[in-house]
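Since the structure comes first, as structure tokens, the remarks are kept for the end.
Numbering (the working numbering), first residue to last: 28 to 916.
Laid out in structure tokens, this is it:
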């Protein structure tokens, strides 16, 4: 169907009109069409259609009007959603949408094409809107805005006609607009420019007198500064054409891809800001700032008929830049003043009344921008910089865009296009090349240039060479324009203390890092380090991912890692110590364990994070987990094997909390091998215990039993009763999983005799009680687990107490004590929810579902079981408690 609101409100189907019954229903249709595909609230529609004179039963009246409209629009869906109505226009035509789309497309077009697009758009808009929909307040609220859009489009078309020399057509349209809407100063300004351009100065002066009189009488104001400036030009008798428009832009980069959103936003800013728009394009060296600025400059030529100029700013004095700009203005070198202030004033005066786009390329500081800014409306400035130049937002209201690397899709498209005609092209190898370039346009162009010169069938080999040393390969044979050289420009501009911080950060093995570990690397306090990180981000050498988190671009990480910085070994040790002792503090907040006895004392030059409480500890592990895993691998392969296995050890409570055993089994195996190299039986046993549990939950029972047996042997050799008891608990767990409960019971009892650490006794008692429960000794089981809960509470282990509480709940359920069962499991659930342990919460929720089932509340039992299933699904767990599967179906 086709709909119209720009004129008479109408609907048609296959060119046949559709009858809309009554003016209120037409107003209702218009109210929905003016918000296409949006939900319009009932209250808003009532106000639109009836205004202040609401019917006695508004809801009934609205429903009646909706029903009448639906009967008319049989081929269009009118939905009742979220307390309102939405007209689905997908697949249908609305004149307002066609008009607005045409105007939006015209903004970025060259002047000749812009005239065509605006003329086509204006065929949809006659200026007289919403006829036949005058009830309520709709026409009053929307009519003026729609008419202003019509006048704006006519002014844009007239301006474009002036630019391409179709002066008579422009003057005819502007004369109509100013006569119809005499308060539109932009139309008067264009009319005066057109008359001046046609040599009709006397008429232009007369037109100025008319607009001055209208504004004084109607608004009590003077004409705008732009009108007054043009009036002075008219009085001075300056002939148009004295200024020679110059395009001083490089050719657009061949094969430019992506940046569509950035280009659109820039053109919108330049087209619609009537002041002095300033746009800062910042980002990493080689990310394509200059290429985008040049592309914007060429696309915006029609907006700046007096010139588009690009000047390089880096390594130049402001006075030299001004001299070049004055030359663009037509000032001879002998007429350029030597006084810096006089140069600025001459430049600004030359641009008054002009529309010039000025691109300041690679500006190193705010001072290089302030010194060459015009001071009159009409022109615009684009600044490219490796720094964000945030001060410009405050001083001149600049808009800022940080350019990110290209997406993987854009990178692949660029390379496939660039090497598509090369012999022996391999699509898979091309995609690998794109990945190795990490979205950096400079790297992509260099890689493409290298690929185009290859013999047939050698693209995969080239990708292999790049993989081996991509930074070097992307910097060879390109003079001073390689990736390394681009980064070096930014690095060399840093003060010495920031260069050292940047180089040390290159040692960090993870993708992301915070202030704490950066301070450890630097050997400085957090405040000093935070300031340094902020300056590196300002210089586009780091990417800020959160308030206090940062990461490198992949190629910048390669560059930083290759720098020769003093004190690397000491910094590496401090970094690993920070992770180790921060992890230990988090571990001890979760689990009153024995890790500290296997670690060296903390050094005085490391200040670890110290999580406060269990939830804070889990948050710390969530944030640092990927970096911790990377640090384990890095330490094990860079001569810090002791720190590697120790780091794995302190992650144990978190790994148990997340229950991702299959993912972490290889990590524990890696650590066990390193611990064996230390020739300390107690340390190796400690890590083997963690490996054994990972193997159990990964369903590798033979491997788990072997790990626990070896742990028990090593612990006995070291005289470690607690370690031996822990190993026996592990062996008992293997027996339990194999349904050998009697065997497990004997192992737990032996472990209890050996255990001399309170928290270890609590673990053993809880497991022993669970085993007794499964063997049917319910009273013994309840007493045993109750003792475990008491010890957990004394030791401050809330999670341990909650786990044992779940066991108690199951025992009470089996005894028929539903009240006691519910009391225990609800208390455990509160702890698991606070700790955000989704898997443990799901297991406890499963027990609660069984309690509801035993209480014969089937509906509540089903809902609770379904909630448990959803929790497990959200956590990515691949198991579900079989006992409640029948409830969750």
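All C-beta atoms, glycine included, are put in the ideal place defined by N, C-alpha and C. Fair warning: this is a prediction, and the values are worked out from it, not measured in the lab.
Checklist entry - How would you write the range of the alpha helix (DSSP H) that residue 336 sits in, first residue to last? => result Looking at the DSSP string, residue 336 is not in any alpha helix (DSSP H); the run it does join, the beta strand (DSSP E), is 334-339.
Item to check | At least three beta-carbon pairs within less than 8 Å, the region 593-610 to the region 539-559 | outcome: yes
Checklist entry - Is residue 671 helix, strand or coil when you go by DSSP? => result Note: residue 671 maps to helix in three-state DSSP.
Checklist entry - Taking the alpha-carbon positions, what's the residue 450 to residue 466 distance? => result Note that residue 450 has pLDDT 45, beneath the 50 cutoff, so the model's placement of it is unreliable and the number below is only indicative. Their backbone Cα atoms lie some 24 Å apart in a straight line.
Checklist entry - Using 8 Å as the Cβ pair cut-off and three pairs as the minimum, do the region 375-389 and the region 404-415 touch? => result Below 8 Å, enough C-beta pairs join the region 375-389 and the region 404-415 to call them touching: three or more.
Item to check | Where residue 592 sits in the DSSP three-state scheme | outcome: coil
Next on the checklist: Between the region 247-258 and the region 218-226, can you find at least three pairs of beta-carbon atoms closer than 8 Å?
Outcome noted: Short answer: they touch.
Next on the checklist: Let me check understanding here. Comparing Cα to Cα, which of 76, 107 and 115 lies closest to residue 30?
Outcome noted: 115
Next on the checklist: Could you tell me the alpha carbon to alpha carbon distance between residue 106 and residue 113, rounded to whole angstroms?
Outcome noted: Their Cα atoms are separated by approximately 5 Å.
Next on the checklist: So for residue 429, helix, strand or coil by DSSP?
Outcome noted: strand
Checklist entry - With contact counted as at least three CB pairs below 8 Å, one residue from each stretch, are the region 638-648 and the region 569-585 in contact? => result no
Next on the checklist: Here's the rule I'm using: 16 or more other beta-carbon atoms within 10 Å means buried, otherwise exposed. How should residue 23 be labelled?
Outcome noted: Residue 23 lies beyond the range of the chain shown here (28 to 916); nothing can be said about it.
Item to check | Under the three-state DSSP convention, the category residue 65 falls into | outcome: Assignment of residue 65 by DSSP, reduced to helix, strand and coil, places it in the coil class.
Checklist entry - Are the beta-carbon atoms belonging to residue 302 and residue 437 less than 8 Å from one another? => result Cβ distance not < 8 Å, so residue 302 and residue 437 don't count as in contact.
Checklist entry - Short check: CB of residue 816 to CB of residue 836, under 8 Å? => result no
Checklist entry - What's the gap between the Cα of residue 144 and the Cα of residue 282? => result 27 Å
Item to check | Inter-residue spacing [alpha-carbon to alpha-carbon] between residue 212 and residue 238 | outcome: Approximately 8 Å, taken between the alpha carbons.
Checklist entry - Taking the alpha helix (DSSP H) that residue 797 falls in, what are its first and last residues? => result 785-801
Next on the checklist: Tell me the DSSP secondary structure of residue 500 in three-state form.
Outcome noted: helix
Next on the checklist: Rounded to whole angstroms, what is the Cα-Cα separation between residue 705 and residue 730?
Outcome noted: 22 Å
Next on the checklist: To the nearest angstrom, how far is the alpha carbon of residue 634 from that of residue 613?
Outcome noted: 14 Å
Next on the checklist: With a threshold of 6 Å on Cβ separation, who are the neighbours of residue 441 within its own chain once the five nearest residues in sequence on each side are excluded?
Outcome noted: Residues 284 and 471 of the same chain have their beta carbon placed closer than 6 Å to that of residue 441, with the five preceding and five following residues left out of the count.
Next on the checklist: Contact between the region 340-358 and the region 367-374 is defined here as three or more beta-carbon pairs at a separation below 8 Å; is this criterion met?
Outcome noted: Yes: the two stretches touch, three or more of their Cβ pairs being nearer than 8 Å.
Next on the checklist: Using CA atoms only, rank isn't needed, just tell me which of 311, 490 and 715 is closest to residue 738.
Outcome noted: 715
Item to check | CA-to-CA distance, residue 530 to residue 61, given in whole angstroms | outcome: 57 Å
Item to check | Cβ shell of residue 526 (< 7 Å), same chain only, five flanking positions each side left out | outcome: 518
Checklist entry - Taking Cβ to Cβ, would you say residue 919 is nearer than 8 Å to residue 133? => result Nothing can be reported for residue 919, as the shown portion of the chain is limited to 28 through 916.
Checklist entry - DSSP on residue 44, reduced to helix/strand/coil? => result strand
Item to check | Simplified DSSP assignment, three categories, for residue 327 | outcome: coil
Checklist entry - Going straight from the alpha carbon of residue 505 to that of residue 314, what length do you get? => result For residue 505, the predicted structure reports a pLDDT of 48, less than 50, and the residue's modelled location is therefore unreliable. The matter cannot be settled from this model.
Item to check | Where residue 329 falls, given that 16 or more other Cβ within 10 Å makes a residue buried | outcome: buried
Checklist entry - Taking C-alpha atoms, which residue in 304, 277 and 460 lies nearest to residue 321? => result 277
Next on the checklist: Can you find the residues in the same chain that come closer than 8 Å, C-beta to C-beta, to residue 40, ignoring five residues on each side of it along the sequence?
Outcome noted: 28, 29 and 102
Checklist entry - For residue 29, which beta-bridge partners are listed by DSSP? => result 39 and 120
Item to check | Identified DSSP bridge partners for residue 573 | outcome: Note: residue 573 is bridge-paired with 576 in the DSSP secondary-structure output.
Checklist entry - Short check: CB of residue 845 to CB of residue 878, under 8 Å? => result yes
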